[in-house]
Each structure stands twice: as C-alpha cells, then as structure tokens.
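Asks:
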Amino acid sequence: MTTLFTSDHEWLRIEGDVATIGVTDYAQSQLGDVVFVELPKVGRSLKKAEAAAVVESVKAASDVYAPISGEVIEVNEALGSEPALVNSDAAGKAWFFKLKIADKSELGGLMDEAAYKAHTA
Amino acid sequence: MLARDNHQPLLKHTPLHAVHVASGGKMVPFAGYDMPVQYPAGVLREHLHTRSSAGLFDVSHMGQIALRPKSGRLEDAALALERLVPQDILAVAPGRQRYAQFINAAGGILDDLMVANFGSHLFLVVNAACKAEDEAHLRAHLSDTCAIEPLVDRALIALQGPKAESALGKLCADAAAMRFMDAGPHRVNNIDCFVSRSGYTGEDGFEISVAAEHAEALAKSLLADADVLPIGLGARDSLRLEAGLCLYGHDIDTSTTPVEGALEWSIQKSRRSGGARAGGFAGAEKILAQLEMGAPRRRVGLKPEGRAPVREGAPLFADITSTEQIGAVTSGGFGPSLNAPVAMGYLTSSHATIGGRVFAELRGQRLPLQISPMPFVPNAYKR
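Taken in sequence, the protein lines are chains A and B.
Residues in the first sequence are numbered consecutively from 1, following the numbering used here.
Residues in the second sequence are numbered consecutively from 1001, following the numbering used here.
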C-alpha cells in the first residue's frame, strides 16, 4: 500500500488497481469546520483534474478534483451525516471516494509523503 | 482545492490589529483592512460561543462620523439628514439610536447606517466599504447646515451575546441600565467611550467607540473575562445571516430600494405619505409609491430543504424545469445555531410568499428551498 499526494492537498491510498481518495489534514485545517460534503455518484467516470466532490465550510465551498482518471466504485456515505469527520480524521475515516484506476502512469506525477511535507512547509 | 491567499500590500490596520495577531487571528483583506476572518477556535465555535456567552468583534474598519449643526440646534442637523434618509431623525431622542439608509435619487440604497442623538450632535456609524463615499455625500448635501467630522482616530468594538451585559458591567456600571438602541457617552474601565446597546448578531450586546490609543487596553480588559472570546468576520457573517440582517453590497445596494429589501419597518409613518414630514428625501417618489403599492421584488428568507448550503449568486426558479429565473440568492451559507443551511435572496413579488417553495440551481441540480420568515434565530434584544 502506497500513499501519494497532490499539490491540491488530496491524498490517494493505492491498493492494487484501486485508489482511495481524501483531503489532507493540512487541507482540513485551512478549510475550517466542514459542514457539508457532496460526493460523486458511484459508476461515474472521472477524468484527471475534473471536479469530483465539493467540501463546504461555514464560510465557503471548495472543489475536490479527481487527482487521476478512473471510475468511482465506492463513496463514503458517512460524510453525508457526519461531515465533521473531515476535520477530526481527514487521513482516515473521512475518505471521500474510491476510484478504479484507469491509467497507472498518471500516478507518476504525484508526490510521496516527504515531497508533500516539503510542499506544505 | 484551496485558493491561495492573495497577498495584498497596503492594507490598513485597525487599532486592534496586534491583538488579533496575538490571539492567533487568521488575517484576510476586507474593505481595505487586514482583518481576522477567524481565530483558532474556528467559525463554528466562535458563532456558537457568541450565541451562548459573549463574543468580541473588531468593527473599527467601519466609519464613525459626527454631524454637528452649525446653528447649535440639533434639530437642524436632524432635519438636514432627513433629506438623505427616509427615516424620522427628528424623533430620535437624546441618548437614542436608529437604523437608517442613505438613498439615491432612484430610490436605491447607497449605504445603511446607525444614527445616534448625542445631544449636541448626531453620531453616525457607516459601512467600511462605503465610508469615503458617505462622507463625500454628506459634504455635498449637508455642508450648508452641518460640520461633517469623520472620527478617524477611534476604534469600534462590538461585544455581543447573552453574557455581554455582565462582561461589560464589570467595567462600566451603566451598562446594565441601557436598553436596546440606547446610545451615549459612558466611562468604560475609566476611559471615555461612546456606548450603544446594539449590534449585528441578533443577540443582546453593545458597540463601544473608543479613542484609538485606548482601544487595545479596553479590548484586553474585555477579553480577560473568561466568558468573552474574540470573534472573526466569518462568524460575524453567519450570525447576521441567521438574524436576517442585510450585508450591504450583497443583500442591499444601489439597485435595491428599502421596500424591495424588506426594510420598510425602518421607515416611520412621519416620512410616509400623509405623515408630518412625508417625503422630502432623495428617491422619495419611488419609495413612497412602493410603500403604498408594493415593490416588484422582495427580499425573503430561504431555508434549503437539504444539507447543501446555497450561496450568493445561485439563481432561483419556481419549479424544477422552469427556464424563467424568478430571483437569486444574495447571502447564503451554513447556520451553526440552526445546524442547517440558511440563505436570503430576492424573488419576484408574485413568488415571494412565506411558506412557498422555490428551487435554486446548484452544480447542475435544482434544490428546493422554503421561503421563510426572518429572523431565522429569534432576536434577543433587551428592549
């Protein structure tokens, strides 16, 4: 299992040909109290950089973009009833959706944890 | 996913800037000032703390203006100001304050403001983004009768919430005796201040105007109270939205009249048709007609039926399929006290019926909203 990061503050946990995607702890700290999350529909085919989900704080809405291309195979329904999970456990329980990876070569453009730490430093 | 902060140079600082930074305030540009949008507690907790205890807000960016009658008779200043606002200013008793709007010739709102009678002069508090234009407007129209004096070396601190009275009472013996919209000079912590029992959160509370040099000491004295937390602009916005209060430049502006903005409660009988001083203000023809006949559109409260916040700019429709837009959201977000999304906006009057249902278009979907009375959270003013 590998964890990769985007410069837009998303994380991807790669297991075989499935990527689980969420936002980083740094992102949730910048967003503030999350009050609503809109997730993509299961079965939707996402292209890399396409708006995939929306995360809203009291003050503002932010888009979450698909970090790689793929088909949505599962979404985290728990975020619908408990959006504050994004604040309390961004890297764990508050995963957003799982993608069946369309093109593994797209993973090459992502950061590892050390590079992401440097990015937010 | 996150927009980068645009670093803007030349932002002005209020006299409380160092207090915000020391309190961990996240500073953002607002109306030309470097202002705290939130503190480490976060918007949600700051909002709820203000409703349950007391919050301290720096509103020093707002304009404070003294309007002094050249004749020495306050009624001359009051009557002069009545040429620019549809409110009865003559009837504002000494030590009292009233909500008003500057109106242009077309009946549009140039700014909304508070007007207090300080005996020898009127004391005005205007919006930060409008204060230069307001001052020019006053000079252009009232210089014959009034001296217009912007009070630039003063801070303005709002203390809001159910524990505001007890917190201010420790520093100001007069605080508890004041009623909603009382305003005048008081000693706070042995400093001469102007204090009003008012605010913009829907809660009981006070606004304290203090000389810039004493502002930091006063703010620190208030923040030393365990009940008082500093509150940023983020929670100020969600608090005023739940209270159904307009944000100038969003919910009201030069394209909206006070009647369209559902602010006719603020226009006294004396200034309406048949009143003692009917009309006589800029835009009177349009506003008096709208008071009698109604306006083509109205500001209404909107409660999204789902969990998704519906924000400023969302177009409104009568049903799921209609292509004819009947209005738009002007303020919207999440109401922490309601634990639900909340909004306000304008609707064509024929659709602006309390209890009715309209649809907002959001990310390609039509979401239902109930047309609701305001305020969304009951006022807690000490009348």
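Note that the Cβ used here is the ideal one computed from N, Cα and C, for glycine as well.
(1) By how many angstroms is the C-alpha of B:ALA1360 removed from the C-alpha of B:ILE1316?
(2) Under 9 Å between C-beta atoms, does B:HIS1250 make it to chain A?
(3) Does the distance from the C-beta atom of B:LEU1056 to that of B:LEU1229 stay below 9 Å?
(4) What residues are listed by DSSP as bridge partners for B:GLN1097?
(5) Output the residue ranges of the beta strand (DSSP E) runs that lie fully inside the region 1277-1311 of chain B and measure 3 residues or longer, sorted by chain position.
(6) Please return the same chain residues whose Cβ sits closer than 8 Å to the Cβ of A:PHE5, not counting the five positions on each side in sequence.
(7) Given a threshold of 16 other Cβ atoms within 10 Å of its Cβ, counted over all protein chains shown, does B:LEU1171 qualify as buried or as exposed?
(8) Can you tell me where the alpha helix (DSSP H) with B:GLY1169 in it begins and where it stops?
(9) Is there a C-beta anywhere in chain B that falls below 9 Å from the one on A:PHE36?
(10) Can you name, in chain order, every residue of its own chain whose Cβ lies under 8 Å from the Cβ of B:PRO1296, other than the five neighbours on each side?
(11) Decide if the region 1070-1088 of chain B is in contact with the region 1276-1283 of chain B; the criterion is three or more beta carbon pairs, one per stretch, under 8 Å apart.
(12) Please confirm whether B:PRO1368 and B:GLY1333 have their CB atoms less than 9 Å apart.
(13) B:ALA1155 and B:ALA1219 - do their beta-carbons sit closer together than 9 Å?
(14) Contact defined as beta carbons within less than 8 Å: I believe B:VAL1043 pairs with B:SER1238. What is the distance between those atoms, to the nearest angstrom?
(15) CB-CB under 7 Å to B:TYR1381, same chain, minus the five flanking residues each way: which ones, in chain order?
(16) Does the CB of B:HIS1047 have a neighbour CB from chain A at under 9 Å?
(17) In chain order, which beta strand (DSSP E) runs of at least 3 residues are fully inside the region 1153-1238 of chain B?
(18) Measure from the C-beta of B:PRO1029 to each C-beta in chain A and report whether the shortest distance is under 9 Å.
(19) Cα separation between B:SER1196 and B:HIS1013?
(20) Between A:ALA102 and the rest of its own chain, which residues show a CB-CB distance below 6 Å, the 5 nearest in sequence each way excluded?
(21) Return yes when the Cβ of B:GLY1169 is within less than 9 Å of the Cβ of B:ALA1176, no when it is not.
(22) By the 10 Å Cβ neighbour count, where 16 or more other Cβ atoms means buried, how is B:ASN1127 classified, buried or exposed?
(23) Residues in the same chain with beta-carbon distance under 7 Å from A:GLU50, minus the five sequence neighbours each way, listed in chain order, please.
(24) Please list the terminal residues of the continuous alpha helix (DSSP H) segment that includes B:LYS1131.
(25) Chain A beta carbons: is any one of them nearer than 9 Å to that of B:PRO1341?
(26) Taking C-alpha atoms, which residue in B:CYS1146, B:ALA1100, B:MET1114 lies nearest to B:GLU1264?
(27) What residues of chain B sit near A:GLU56, judged by a beta carbon separation below 8 Å?
Replies: Taking the geometry as given:
(1) Here residue 1316 of chain B refers to the residue found at position 316 when the second sequence is read from its first residue. Here residue 1360 of chain B refers to the residue found at position 360 when the second sequence is read from its first residue. In the sequence as presented, Ile is not what sits at residue 1316 of chain B; that position holds Leu. For B:LEU1316 and B:ALA1360, the distance between alpha carbons rounds to 5 Å.
(2) Counting from one through the second sequence, the residue named residue 1250 of chain B turns up at place 250. Judged by the 9 Å Cβ criterion, B:HIS1250 is not in contact with chain A.
(3) Walking along the second sequence from the start, residue 1056 of chain B turns up at place 56. Walking along the second sequence from the start, residue 1229 of chain B turns up at place 229. Closer than 9 Å, so yes.
(4) Taking the first residue of the second sequence as position 1, residue 1097 of chain B is located at position 97. Answer is B:ALA1116, bridged to B:GLN1097.
(5) 1297-1304
(6) Taking the first sequence and counting its residues from 1, the one referred to as residue 5 of chain A is at position 5. TRP11, LEU12, THR24, LEU110, MET111, ASP112, GLU113, ALA115, TYR116, HIS119.
(7) By one-based count along the second sequence, residue 1171 of chain B stands at place 171. Buried, because 16 or more other Cβ atoms sit within 10 Å of the Cβ of B:LEU1171.
(8) As a first step, residue 1169 of chain B is located in the second sequence; it is residue number 169 there, counting from the start. It spans 1164-1169 - the alpha helix (DSSP H) in which B:GLY1169 sits, taken as one unbroken run.
(9) Here the question's residue 36 of chain A lines up with position 36 in the first sequence. Yes, because at least one Cβ of chain B sits closer than 9 Å to the Cβ of A:PHE36.
(10) The count along the second sequence starts at 1 and reaches residue 1296 of chain B at position 296. Around B:PRO1296: GLU1260, THR1348, SER1349.
(11) yes
(12) Locating residue 1368 of chain B in the second sequence gives position 368, where the first residue counts as 1. Locating residue 1333 of chain B in the second sequence gives position 333, where the first residue counts as 1. In this structure, B:GLY1333 does not lie closer than 9 Å to B:PRO1368 by Cβ.
(13) Here residue 1219 of chain B refers to the residue found at position 219 of the second sequence. Here residue 1155 of chain B refers to the residue found at position 155 of the second sequence. In contact: B:ALA1219 and B:ALA1155 (Cβ atoms closer than 9 Å).
(14) On the second sequence, position 43 is the one that residue 1043 of chain B refers to. On the second sequence, position 238 is the one that residue 1238 of chain B refers to. The beta carbons of B:VAL1043 and B:SER1238 sit about 7 Å from each other, so the pair counts as a contact at 8 Å.
(15) For the purposes of this step, residue 1381 of chain B is identified with residue 381 of the second sequence, where counting begins at 1. PHE1180, ASP1204.
(16) To locate residue 1047 of chain B, count along the second sequence from 1; it is residue 47. Chain A, which has a Cβ nearer than 9 Å to the Cβ of B:HIS1047, makes this yes.
(17) Fully enclosed beta strand (DSSP E) runs of 3 or longer: 1154-1160, 1183-1188, 1191-1196, 1205-1211, 1228-1230.
(18) Walking along the second sequence from the start, residue 1029 of chain B turns up at place 29. It does not; no Cβ of chain A falls within 9 Å.
(19) In the second sequence, residue 1196 of chain B corresponds to position 196, counting from 1. In the second sequence, residue 1013 of chain B corresponds to position 13, counting from 1. The alpha-carbon atoms of B:SER1196 and B:HIS1013 are separated by roughly 24 Å.
(20) Numbered from its first residue, the first sequence carries residue 102 of chain A at position 102. Around A:ALA102: SER69, GLY70.
(21) On the second sequence, residue 1176 of chain B is found 176 positions in, with the first residue counted as 1. On the second sequence, residue 1169 of chain B is found 169 positions in, with the first residue counted as 1. Yes, the Cβ-Cβ distance between B:ALA1176 and B:GLY1169 is below 9 Å.
(22) Within the second sequence, the letter at position 127 stands for residue 1127 of chain B. Flag for B:ASN1127 reads buried.
(23) Taking the first residue of the first sequence as position 1, residue 50 of chain A is located at position 50. The beta carbon of A:GLU50 is closer than 7 Å to those of TYR65, ALA66 in its chain, skipping five residues each way along the sequence.
(24) Along the second sequence, one-based indexing puts residue 1131 of chain B at 131. 1131-1142 is the span of the alpha helix (DSSP H), which, as asked, contains B:LYS1131.
(25) Here the question's residue 1341 of chain B lines up with position 341 in the second sequence. When Cβ-Cβ separations below 9 Å define contact, B:PRO1341 makes contact with chain A.
(26) Within the second sequence, the letter at position 264 stands for residue 1264 of chain B. The residue with the shortest Cα to Cα distance from B:GLU1264 is B:ALA1100.
(27) Here residue 56 of chain A corresponds to residue number 56 of the first sequence, with the count starting at 1. Ordered by position in chain B, the residues that pass the 8 Å Cβ test against A:GLU56 are ALA1308, PRO1309, PHE1334.
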